[in-house]
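For reference, the structure is listed below as structure tokens.
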């Protein structure tokens, strides 16, 4: 990694200069929420945005797309999304989520649909100060040393720019006049001050270490039934989760039944049909079982496989759940800790 | 629309031709297929216990255990029961029609580890489909295995899958073959009657430490069969079973076959040992 700095007023010129690297996408205020949108007007870019309602995954594995077009004899893969993109404003939680997704879609059988989009995407990270729903410190994802081409740390009147890849370096080379490569001791002090301020801003901290063994002992915990009673099976928690990759595949055909498309669409383990097989048997019939799968996946089994939880502490599911099921308090209750109402 | 990806597309089915089909019993049909591309047909490598995704444009995809053995290359065989959308459409296919198949997927049986051991194959009902692959594989490589036992149970004589094949095997001297039906409604059944568990005590001269037992059948069968096998002192990790889940993509991505939080059945299964079953929650 290389560090340099850039005056804040240079940001728009910088974004203009890196246009050849792709269409700019970034957080935009959208009612009470933020959403990740195509940026035509830099003034709409909102640097104060914490979490976009739907994370970056919508650009890399879109909610619904065609995998193949076919007629009754032949099928052709459809890569109908060849444009280059820059995603601006991913915070450390999302950068960790992105690294989890990259690894997931790269392993075993590499997924060409994700990887092709990913290859055409440049990532610019952005620092943040947490709100009351952020718990990335608990999941140890509050700093990101990877996952980006460039990352900006916002220090009031200037940014520290972290160059994380050769593509990021290429972007800087487009506008060397806008950056200053000399990061001095004063800048370092400001950076350390900012870190201390940020660290002290976390409202809710828990200890998620040792969660796998707690989960192992919690297989029959009555909490699952209790949460199952509350859960609406709406699947919103999985839709907004930056590390949930599951999808369904189905065919759409024209009326003449001569040609059609094989469609891939986001799916959710919260849905009843998710584990149902032909003949009607359902391996996870109850909502309690489905909730348990989601939490076991995020907090136990993923840790066993990859040494870290599949939860990056972004707070989206907490923000979105219509019945206030909160992964933090679920963890605390499983650990027998008292939860403040 | 351009095909630009650097990766081979793992979701792209290979065109295969339905060579012949016939009923195995009232609900289950036998399907013999071959890749249209002869080179691919001859070089399709797979293991007993692996499965393929059958892909019908406009209908969808579903996973099926391979019933043929890789020791007889060229043709792939399946035993398919008509239960859902995809299988209904498969049952409408006529001989010589071309459709999509992709795979093989899953871990399959660890035949390299099983070599040199005695092998007990216990199949009930539809469980005959995947285990027939292993049985034929062992017979084709007979000198690589020790003693070989087949225990096969069906509800009624007419329901027994591959029964003609197994009747012939009764005459072989390199295989001990026990067939049973829960009840004989024909009055013509010449073999055993009663539950398959009653055949387990006949496995008198196996060396449990050097034996692999493979089990596949309806869910209710596992518990009783495994209890019987454990009494013979076969180690838990040498009792293998193949399990069913909703293996939709087959390549560890779509998530539907996940169990116990992060086991993709399509990658780490469908063959699991009894030790897996007791330490991985939610497997059975």
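Chains as they are written, first to last, in this note's numbering: chain U, 22 to 362; chain G, -2 to 281.
Even glycine gets a Cβ: it sits at the ideal position worked out from N, Cα and C.
Residues bridged to residue i [DSSP beta-bridge criterion]
i: residue 28 (chain G); result: G:18, G:75
i: residue 120 (chain G); result: G:149, G:213
i: residue 66 (chain U); result: U:49
i: residue 236 (chain G); result: G:210
i: residue 180 (chain U); result: U:27, U:175
i: residue 52 (chain G); result: G:58, G:97
i: residue 268 (chain G); result: G:239
i: residue 128 (chain U); result: For residue 128 (chain U), which the question treats as bridged, DSSP gives no partner whatsoever.
Chain G contact for residue i (CB, 8 Å cutoff)
i: residue 335 (chain U); result: no
i: residue 298 (chain U); result: yes
i: residue 190 (chain U); result: no
i: residue 267 (chain U); result: yes
i: residue 287 (chain U); result: no
i: residue 183 (chain U); result: no
i: residue 22 (chain U); result: no
i: residue 249 (chain U); result: no
i: residue 73 (chain U); result: no
i: residue 272 (chain U); result: yes
i: residue 243 (chain U); result: no
i: residue 132 (chain U); result: yes
i: residue 277 (chain U); result: no
i: residue 322 (chain U); result: yes
i: residue 356 (chain U); result: no
DSSP three-state assignment for residue i, whether helix, strand or coil
i: residue 286 (chain U); result: strand
i: residue 6 (chain G); result: coil
i: residue 306 (chain U); result: coil
i: residue 110 (chain U); result: strand
i: residue 205 (chain G); result: helix
i: residue 177 (chain G); result: strand
i: residue 263 (chain U); result: coil
i: residue 0 (chain G); result: Here residue 0 (chain G) scores only 49 on pLDDT, less than 50, and its place in the model should not be relied on; the value that follows carries that caveat. If DSSP states are grouped into helix, strand and coil, residue 0 (chain G) belongs with coil.
i: residue 38 (chain U); result: helix
i: residue 243 (chain U); result: coil
i: residue 271 (chain U); result: strand
i: residue 138 (chain G); result: coil
i: residue 292 (chain G); result: The structure shown does not extend to residue 292 (chain G), since chain G is modelled only from -2 to 281, so the question has no answer here.
i: residue 12 (chain G); result: strand
i: residue 209 (chain U); result: helix
Closer than 8 Å to chain U by CB, residue i
i: residue 219 (chain G); result: no
i: residue 246 (chain G); result: yes
i: residue 139 (chain G); result: no
i: residue 269 (chain G); result: no
i: residue 341 (chain G); result: The structure shown does not extend to residue 341 (chain G), since chain G is modelled only from -2 through 281, so no value can be given for it.
i: residue 264 (chain G); result: yes
i: residue 208 (chain G); result: no
i: residue 103 (chain G); result: no
i: residue 213 (chain G); result: no
i: residue 127 (chain G); result: no
i: residue 241 (chain G); result: yes
i: residue 26 (chain G); result: no
i: residue 259 (chain G); result: yes
i: residue 0 (chain G); result: Caution is warranted here: a pLDDT of 49 is assigned to residue 0 (chain G), below 50, making its placement in the model unreliable, and no coordinate value can be reported.
i: residue 59 (chain G); result: yes
N- and C-terminal bounds of the alpha helix (DSSP H) containing residue i
i: residue 273 (chain G); result: 271 to 276
i: residue 339 (chain U); result: 337 to 341
i: residue 100 (chain G); result: No alpha helix (DSSP H) contains residue 100 (chain G), which is instead part of the beta strand (DSSP E) from 95 to 102.
i: residue 60 (chain G); result: Residue 60 (chain G) -> not in any alpha helix (DSSP H); beta strand (DSSP E) instead, spanning 57 to 62.
i: residue 265 (chain G); result: 262 to 265
i: residue 86 (chain G); result: 82 to 88
i: residue 325 (chain U); result: 323 to 327
Limits of the unbroken beta strand (DSSP E) element including residue i
i: residue 51 (chain U); result: 44 to 51
i: residue 90 (chain U); result: 85 to 92
i: residue 172 (chain U); result: 171 to 176
i: residue 24 (chain U); result: 23 to 28
i: residue 193 (chain U); result: It is not in any beta strand (DSSP E) - residue 193 (chain U) instead sits in the alpha helix (DSSP H) that spans 187 to 194.
i: residue 193 (chain G); result: Element bounds for residue 193 (chain G): n/a, residue is neither H nor E.
i: residue 56 (chain U); result: 54 to 59
Buried or exposed (CB count within 10 angstroms, at least 16 for buried), residue i
i: residue 348 (chain U); result: buried
i: residue 228 (chain U); result: exposed
i: residue 50 (chain G); result: buried
i: residue 87 (chain G); result: buried
i: residue 234 (chain U); result: exposed
i: residue 52 (chain U); result: exposed
i: residue 296 (chain U); result: buried
i: residue 319 (chain U); result: buried
i: residue 169 (chain G); result: exposed
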